[in-house]
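Written out below as structure tokens is the structure these notes cover.
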Amino acid sequence: MKALMNLLIALCLVTGLNSQALAADPDPDLLKVALLPDENASELIKRNQPLKDYLESTLGKEVELIVTTDYSSMIEAMRFGRIDLAYFGPLSYVMAKSKSDIEPFAAMIVDGKPTYRSIIIANADAGVESYADIKGKKMAYGDRASTSSHLIPKTVLMESAGLEAGRDYEAHFVGSHDSVAVNVANGNAEAGGLSEVIFQHVMDRGLIDRNNVKVLGYSGEFPQYPWAMRSNLAPELKEKVRNAFISIDDKEILSNLKAEGFAAISDSDYDVIRRMGSLLNLDFAKM
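Quick note, the sequence shown lines up with residues -23 to -1, 1 to 264 if you use mature numbering (1 follows the signal peptide of the UniProt record, and there is no 0).
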């Protein structure tokens, strides 16, 4: 037994994996499922109660829904084995993958495809009519580890208008997608970037007055937000989890997740995010 423990420790040192994550139960009675912290935490947990109920009945396990304070804390929780499944943004997934042994298994389907777009909006009275007009202005982003409210819109501004954060405009991180929309609508920032789907959701909930913002443009299509799990979960459990998500057809669950269904995915689907990070000189392991 001592020799086995020494071997595990040696493997941990070689691979860079955290020993706590390595020791995490491969078949826990309680599955800790983290939701992406891009909206109000209590609202997210309440809205996803049907998902919790479905997973408990399908997997035969207790499920605890968790919303961490931000993307970074969710990445660290996965790294240290404190959560078992997590709903990541593409960028936060790539960051988490660089620090821990996890694997993506499903991405939601919207409008018949497992891809999505970012949207760049501007305050209606700010005199911003194009990306170029953002020069010298304040640009609101969500979380630093967000794909659709940071990485994608920042890349769009660089590639489309040659605008670089810090040099050509002020970048302000306000935490979440809905906060981006609210800050732009209230005039705290002249422009902002967020997920197209969440922007529509914000308007549907009446969080902003649609007349206070204008749409400047949309990004191209990028792979949808992935669900990922600890790679050291028991193989049988991983297969059950994967099948449970791919098989979801309950309209209430899907509506709450803003999805039409789920498709199987792999790590290579997110190489495009890694290439964008290279363009912006991002070191995912140090973010």
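Using N, Cα and C, we set each Cβ at its ideal position, and we do this for glycine too.
Between the alpha carbons of lysine 191 and histidine 127 lies a gap of roughly 19 angstroms. Phenylalanine 239 sits in a strand when the DSSP states are folded into three classes. Between serine 95 and serine 196, the CB-CB gap stays under 8 angstroms. With respect to serine 255, leucine 193 sits apart: the two C-beta atoms are not nearer than 8 angstroms.
Of the candidates Val87, Glu16, Leu7, Phe57, Leu7 places its Cα closest to the Cα of glutamate 41.
It is roughly 16 angstroms from the alpha-carbon of proline 203 to the alpha-carbon of lysine 9.
With the rule of 3 Cβ pairs closer than 8 angstroms, the stretch 241 to 253 counts as touching the stretch 73 to 92.
If you draw a straight line from the Cα of tyrosine 93 to the Cα of proline 3, it is about 33 angstroms long. At the C-beta level, glycine 66 and threonine 132 stay beyond 8 angstroms of one another. Per DSSP, the continuous beta strand (DSSP E) segment holding histidine 149 begins and ends at 147 to 150. In the DSSP assignment, arginine 252 is bridged to no other residue.
Take aspartate 15, set aside five residues on each side of it, and the residues of its chain with a beta-carbon closer than 6 angstroms to its own are Ser153, His154, in chain order. Here glutamine 177 is exposed: its Cβ has fewer than 16 other Cβ atoms, across all protein chains shown, within 10 Å. Across the structure, valine 249 and proline 130 are spaced so that their CA atoms are roughly 15 angstroms apart.
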